[in-house]
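Engineer: If you scroll down you'll find the structure; I have some questions about it.
2 protein chains.
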Amino acid sequence: MFLDQTYLFTPGPTPIPNKINAAMARPMIGHRSPDFSVLIEDVATRLEPVFGTKHPVMILTSSGTSALEAAVVNTIHEGDHALVIVAGSFGDRLATIAENYGAFVHRLNVEWGKSCTPEMLEAFIDELGDTPIKAVFGTFNETSTGVLNPIHALGEVVKTKTDALFIVDGVSCIGAVPVDMENDHVDILVTSSQKALMLPPGLAFAAFSDRGLQAIRECPERRFYLDLKRYVDTYEKQKSTPFTPAVSLIQGAQAVCDMIEEEGWENVIKRHLLLRDMTRAGIRELGLPLLTSEEDASPTVTAVKPEGIAAPDIQKALKKDFAITIAGGQKDLKGKIFRIGHMGYCTPFDVLKVLSALEMTLAKFGQAPRFGAAVKKAEEVYVKNV
Amino acid sequence: MFLDQTYLFTPGPTPIPNKINAAMARPMIGHRSPDFSVLIEDVATRLEPVFGTKHPVMILTSSGTSALEAAVVNTIHEGDHALVIVAGSFGDRLATIAENYGAFVHRLNVEWGKSCTPEMLEAFIDELGDTPIKAVFGTFNETSTGVLNPIHALGEVVKTKTDALFIVDGVSCIGAVPVDMENDHVDILVTSSQKALMLPPGLAFAAFSDRGLQAIRECPERRFYLDLKRYVDTYEKQKSTPFTPAVSLIQGAQAVCDMIEEEGWENVIKRHLLLRDMTRAGIRELGLPLLTSEEDASPTVTAVKPEGIAAPDIQKALKKDFAITIAGGQKDLKGKIFRIGHMGYCTPFDVLKVLSALEMTLAKFGQAPRFGAAVKKAEEVYVKNV
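If you read the protein sequences in the order shown, they are chains G and R. Heads up: the first sequence at position 284 corresponds to 284 in full-length UniProt numbering, and the numbers run straight through without jumps. Heads up: the second sequence at position 92 corresponds to 92 in full-length UniProt numbering, and the numbers run straight through without jumps.
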């Protein structure tokens, strides 16, 4: 019924636009060629507004986790104290990586499904007394719960209360939400390619504030592939990467810049807010409880905690009947929630698609049919905002 | 808001699946190479069930109109009598072509928006008395009005009442509707690539019944590029085409065969009926009058004759606000109707998309908002039929 079409609504990987696929199929070029230097400089500088940085964005050929690891190993040394905000499984992963490298990790545990408020962070820092915190690690958008943390307010607390670097995992929101590294007091911001940036997996990105860049430069050499200083030095000296990069993905990243500029960065941000609001309005209309509050809601992923029907059953039915892939819960939330990604190459019609499929799926599971009901609410949000 | 996405709902051209684009990007091969012989034999024979023929389907590199012209020039000579059923602008075009080649054309005019019934055809043949009709030309699916003519019943009349060949323009439905050339008494059936066959424009196809093939073979040589006998001979002798073909489009046609076989030909037919029923149920719910009756309704295109709002205004608003392209009316129906194509690479979600956009557009034009209403009806049709 749906031919070869499959509908990817996971919070990463996300669908790849044809334009970007076409760019990735361009003729291969050597990464020590002048053509590559032109390419990487173009991408590194055009991504600056997306990362809210004044410095070229460094591109690593590796996964999102490696980007987190790079953020750790380029700032933290054995015995250093690190404060990690843990409000979901990705915060947990950050803490694990830091522990792995011998840091004393102080976990600020936040209930999964809620954001970390500046008051929580301030109180936790107060509790730590005069512990010399080298870095505070936070998750911008907690993919596992669909929570967007208030990065600006948290950055203010870090700056006011500590001398620590503020290092942010932006994996599932950079490319969809506004950020200003200097103003938000974010020193290192990392993400990966397969989320809001509309690329296949394979690239990690790292951006720096003035202070973050200085910290990277001053960090003693004791790492190799993830040595961010090498990336900065090689970029500055020869406009290339220290190791062989995934050239075709970087060609694709150039098309990402084209697409973001064509839409307009402000419009990209607005679109994600609208996709969030449409999704939540529709889900609410179907009587499905949302995991997060309005204030905490992520513009890129919505978590739903159904009652009466098991979340994995809904997930399976959407896959089987409509070729729609959504995500389930992770760790503590496994089996309890499903998550709808609406980031990157996602339009209002895509949201209507998943809502319509949910309407039909709930009816299949015996609920009184609410055909068109969620779509109606989402359309109302759309017409009010456009 | 919709990024680089555009939504093509014209009754041709239609969207191209990625699989088919990928096939068309395969390395080029010479059309006199053994590889090409393998390719064209594969396509010509695998298309047989789609055209309901026992003979390989001939492939011309030309437009849909040229396929109609080929059907004329390979059967009609100056001074021959031809009966042409004219129930819309494409029937009219057939008649014009036949007249152009010096035929005495007897037009059976049917009100635009209605089908030609077997009774009408029988009465018209009776009126013509003992006029020696060489061929009866009919339009299977009248694209301009969204009418599917009852080809089997018309074929029965042609066979019972005349010795004429029955020549059918299948342009906007072959690949979406069942046909059996021997059983339906269709002798020549032509179509083009950019409709239900999911290809870009550029190819025309001609299929034959036993009797149609014999007529082609016996037709005296007096044409060149559109000489169907040359195509048949070259295919039989060397599995190639008489003239240089659009190789990449034929590579694409091979992927079309893959996709039709993967879905299952019977399922392709069912899907189009469902798309028709979903579209009509939604349109009806919005209070928009349908141009055609249930019995006459085409599985591939739906014509709507709005009241109170000008059809071109709806068409323009869908384009401007939602990047959705639908078609307007032609000739006598210009400015009075809009047409939604739902053929080829079209899924139930695509229908919901255009219905949702119509809901929002009608509200914009001042109608009381019916958000979700058409989608609801279409979903109900879907769940009842799947």
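Built from N, CA and C at the ideal position, the CB exists for glycine as well.
What residues in the stretch 10-24 of chain G bring their beta carbon closer than 7 Å to a beta carbon of chain R?
Structural biologist: Pro17, Lys19
Engineer: Kindly give me the distance between the Cβ atoms of Ser209(G) and Thr53(G), rounded to whole angstroms, as I take these residues to be in contact under 8 Å.
Structural biologist: 7 Å
Engineer: Just reading off the alpha helix (DSSP H) that Ile337(R) is part of, what are its end residues?
Structural biologist: Here Ile337(R) belongs to no alpha helix (DSSP H), and DSSP marks it neither H nor E.
Engineer: Pairing CB atoms from the stretch 254-270 of chain R with CB atoms from the stretch 166-174 of chain R, are three or more of them under 8 Å?
Structural biologist: no
Engineer: Within 10 Å of its beta-carbon, does Glu359(G) have 16 or more other beta-carbons around it, so buried, or fewer, so exposed?
Structural biologist: By the neighbour-count rule (16 or more Cβ atoms within 10 Å), Glu359(G) is buried.
Engineer: Which partner residues of Thr244(R) appear in the DSSP bridge assignment?
Structural biologist: Note: Thr244(R) sits in no beta bridge, so no partner.
Engineer: Out of Val247(G), Lys195(G), Leu203(G), state which residue places its alpha-carbon closest to the alpha-carbon of Pro299(G).
Structural biologist: Lys195(G)
Engineer: Could you say which of Tyr345(G), Ile324(G), Asn183(G) lies nearest to residue 401(G) if we only look at CA atoms?
Structural biologist: Chain G is shown only over 1 to 386; residue 401(G) falls outside these bounds and no answer can be derived.
Engineer: Could you tell me if Asn267(G) is buried or exposed, where buried requires 16 or more neighbouring beta carbons within 10 angstroms of its beta carbon?
Structural biologist: exposed
Engineer: Chain G partners of Glu380(R), CB-CB under 8 Å?
Structural biologist: Pro369, Phe371
Engineer: Count the other CB atoms, across all protein chains shown, that sit within 10 Å of the CB of Tyr235(R); report buried if there are 16 or more and exposed otherwise.
Structural biologist: buried
Engineer: Please list, in chain order, all residues of the same chain as Ile85(R) whose beta carbon is under 6 Å from its beta carbon, the five residues on each side excluded.
Structural biologist: Gly91, Leu108, Cys116, Gly138
Engineer: Smallest Cα separation from His55(G): which of Ile188(G), Glu78(G), Val147(G)?
Structural biologist: Ile188(G)
Engineer: If you follow the beta strand (DSSP E) that Phe205(G) is part of, which residue opens it and which one closes it?
Structural biologist: 204-208
Engineer: Between His342(G) and Ile283(G), what straight-line distance do the alpha-carbon atoms span, to the nearest angstrom?
Structural biologist: 13 Å
Engineer: What is the rounded straight-line gap between the Cα of Lys364(G) and the Cα of Gly287(G)?
Structural biologist: The C-alpha of Gly287(G) is placed about 15 Å away from the C-alpha of Lys364(G).
Engineer: At a CB distance below 7 Å, what residues from the stretch 335-354 of chain R approach chain G? Give them in sequence order.
Structural biologist: Tyr345, Thr347, Pro348, Phe349, Leu352, Lys353
Engineer: Measuring CA to CA, which of Thr61(R), Ser63(R), Val136(R) is closest to Ala98(R)?
Structural biologist: Val136(R)
Engineer: Decide if Thr376(R) is buried, meaning its Cβ has at least 16 other Cβ atoms within 10 Å, or exposed.
Structural biologist: The sequence given here places Lys at residue 376(R); Thr does not occur at that position. Buried: at least 16 other Cβ atoms inside 10 Å.
Engineer: Using 8 Å as the Cβ pair cut-off and three pairs as the minimum, do the stretch 267-280 of chain R and the stretch 244-251 of chain R touch?
Structural biologist: no
Engineer: Ignoring anything shorter than 4 residues or poking outside the stretch 71-146 of chain R, list the alpha helix (DSSP H) runs there in chain order.
Structural biologist: 89-100, 118-128
Engineer: Give a yes or no on whether the minimum CB-CB distance between Ala363(R) and chain G is below 8 Å.
Structural biologist: yes
Engineer: Can you name the residues that DSSP bridges to Met58(G)?
Structural biologist: Ala206(G)
Engineer: Leaving out the 5 sequence neighbours to the left and right, which residues in its chain are closer than 6 Å to Leu83(R) when beta-carbon positions are compared?
Structural biologist: Closer than 6 Å at Cβ, skipping near neighbours: His106, Ile133, Val136.
Engineer: Establish whether the CB of residue 392(G) and some CB of chain R are separated by less than 8 Å.
Structural biologist: This structure cannot speak to residue 392(G), because chain G is shown only from 1 to 386.
Engineer: Tell me which residue opens and which closes the beta strand (DSSP E) that Phe166(G) is part of.
Structural biologist: 165-169
Engineer: Pull up the distance between the alpha-carbon of Ile309(G) and that of Glu69(G), whole angstroms please.
Structural biologist: 38 Å
Engineer: Just to make sure I have the definition right: I need the residues of chain G whose C-beta is within less than 7 Å of the C-beta of Glu359(R). Which are they?
Structural biologist: Glu379
Engineer: Please state if the CB of Gly64(R) and the CB of Ser192(R) are separated by a distance shorter than 8 Å.
Structural biologist: The Cβ atoms of Ser192(R) and Gly64(R) sit closer than 8 Å to each other.
Engineer: Please confirm if Pro271(G) has its CB atom under 8 Å from at least one CB of chain R.
Structural biologist: Strictly speaking, residue 271(G) in this sequence is Arg, with Pro absent from that position. Yes - at least one Cβ of chain R is within 8 Å of the one on Arg271(G).
Engineer: How long is the line joining the alpha carbons of Met151(G) and Asp184(G), rounded to whole angstroms?
Structural biologist: According to the sequence provided, residue 151(G) is Ile. The question's Met does not apply to it. Roughly 7 Å between the two C-alpha positions.
Engineer: Whose Cβ in chain G lies nearer than 7 Å to the Cβ of Met259(R)?
Structural biologist: Leu3, Asp4
Engineer: Look at the alpha carbon of Asp313(G) and the alpha carbon of Asn149(G), and state the distance between them as a whole number of angstroms.
Structural biologist: Their backbone Cα atoms lie some 30 Å apart in a straight line.
Engineer: Would you mind stating whether Pro17(G) and Leu3(R) have Cβ atoms separated by less than 8 Å?
Structural biologist: Yes, Cβ-Cβ distance for Pro17(G) and Leu3(R) is below 8 Å.
Engineer: Using CA coordinates, which residue listed in Pro49(R), Thr14(R), Arg223(R) is at the minimum distance from Glu182(R)?
Structural biologist: Comparing Cα positions, the closest option is Pro49(R).
Engineer: Using only the alpha-carbon positions, how far apart do Pro220(R) and Phe349(G) sit?
Structural biologist: 55 Å
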